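The sequence shown begins at 115 in our numbering and counts up by one. For glycine and all other residues, C-beta sits at the position ideal for the given N, C-alpha and C. In this text, all values refer to a predicted model and were calculated from it rather than measured experimentally.
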Amino acid sequence: MRFSEKGFGTLKRDLSRRNFIKLGILAAAASLAPGAVFASRRVYLPHEKSLAFYNIHTGEGLRATYWSQGKYLSEAMDDINYIMRDYRTNEIRPIDAGLLDFLHAIGSKLDIRHNFYIISGYRCPATNEFLRRNGKGVDKNSLHMYGKAVDIRVPRCDISTVRSAALNLRYGGVGYYPDSNFVHVDVGNVRSWRFPF
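And the structure:
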C-alpha cells in the first residue's frame, strides 16, 4: 500500500491519537485497581523484627524486638549485647545489627519458633587466642572479636538445615561444625567452610 506524504502524516497523527487514548484508558484502569496492576512489585517488609536467644553457658534467655518502624531499638540492642557477651570474662561489645538481621532472615526462612542457642557470641581477644591455641578451629582474626559473628544451633532443627538456609541467603560467612553441633554465621565476606577441614 502506498501513501502520499500528506496521507502518511494523517496516519501518524491517527496512530498518535490512538496511542494517547490507549494510554489514558490504561492509566484510568491502574488508578481504579492499583493493587492488581502493581501486585508483582510488592515486597513484604515486616513492621518489627524479633529474635529469641538462649545462652547455653549462662542459662540466660531473651526474647526481644530489636527493630521497629524503620529503626533499631537501643534498649533491645543492649539486652542482646549482654546475652551475647564473652561469658568467660563478662566483656560486652556491641553486636553488629547486620548479624541480627542475618539471624532474623534465617529464622524467617526456616519458620523457626524456638530460641537460637548461643554457643559463642562476642569473644574478647584473650578468649579468642586461648581457643585458637587449644585447637578449636578458631581464626586468629575472628569476627567474633568484633561482634560480627555468632555460633548457633536451633532446638528441633538439624544443623545441616540451618547451614543450608544460611548459605542460600548469601549474607556472609557460614561455617559448619557437625562434630560440635553448631553453625557459625558472620557478616564478613560471603564464604563457607566445614570443620574439621
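Could you give the distance in angstroms between the alpha-carbon of proline 239 and the alpha-carbon of methionine 259? Walking along the sequence shown from the start, residue 239 turns up at place 125. Walking along the sequence shown from the start, residue 259 turns up at place 145. Cα to Cα, the separation comes out at about 6 Å.
**Helix, strand or coil at serine 222 according to DSSP, with G and I counted as helix** = For the purposes of this step, residue 222 is identified with residue 108 of the sequence shown, where counting begins at 1. Serine 222 falls in the helix class under three-state DSSP.
Practice task
Check the DSSP bridge columns for lysine 163 and list the partner residues they point to.
Solution key: In the sequence shown, the residue the question calls residue 163 occupies position 49. Lysine 163 pairs with Trp181.
(Q) With a threshold of 7 Å on Cβ separation, who are the neighbours of valine 252 within its own chain once the five nearest residues in sequence on each side are excluded? (A) Here residue 252 refers to the residue found at position 138 when the sequence shown is read from its first residue. Excluding residues within five positions, the ones whose Cβ falls inside 7 Å are Asn242, Leu245, Arg246.
Residue from Arg177, Leu213, Leu187 with nearest C-alpha to asparagine 303
On the sequence shown, position 189 is the one that residue 303 refers to. Considering only alpha carbons, the answer is Leu213.
Q. Do valine 264 and arginine 277 have their C-beta atoms closer together than 8 Å?
A. Taking the first residue of the sequence shown as position 1, residue 264 is located at position 150. Taking the first residue of the sequence shown as position 1, residue 277 is located at position 163. No.
*Taking all protein chains shown into account, do 16 or more other C-beta atoms lie within 10 angstroms of the C-beta of glycine 173, making it buried, or fewer, making it exposed?*
Within the sequence shown, the letter at position 59 stands for residue 173. Burial call: exposed.
Exercise. Drop a sphere of 10 angstroms on the beta-carbon of tryptophan 181, count the other beta-carbons inside from all chains shown, and report buried for 16 or more, exposed for fewer.
Key: Locating residue 181 in the sequence shown gives position 67, where the first residue counts as 1. Buried is the call here.
Q. Do proline 292 and histidine 228 come within 8 Å of each other at the CB atom, strictly closer than that value?
A. Locating residue 228 in the sequence shown gives position 114, counting from the first residue. Locating residue 292 in the sequence shown gives position 178, counting from the first residue. Contact: no.
TODO: Would you give the residue range spanned by the alpha helix (DSSP H) that isoleucine 194 belongs to?
DONE: Against the sequence shown, residue 194 aligns to sequence position 80. It spans 188–197 - the alpha helix (DSSP H) in which isoleucine 194 sits, taken as one unbroken run.
Problem - Residue nearest to serine 294 in terms of C-alpha spacing, selected from Asn282, Asp272, Ala280 - result: In the sequence shown, the residue the question calls residue 294 occupies position 180. Of the listed residues, the one whose Cα sits closest to serine 294 is Asp272.
| Among residues of its own chain, excluding the 5 on either side of glycine 261, which ones have a beta-carbon nearer than 6 Å to its beta-carbon? | In the sequence shown, residue 261 corresponds to position 147, counting from 1. Hits under 6 Å: Arg207, Pro208, Ile209, Asp210, Tyr236.
Measuring CA to CA, which of Leu224, Asn248, Ile170 is closest to aspartate 200?
Taking the sequence shown and counting its residues from 1, one reaches residue 200 at position 86. Nearest option by C-alpha distance: Ile170.
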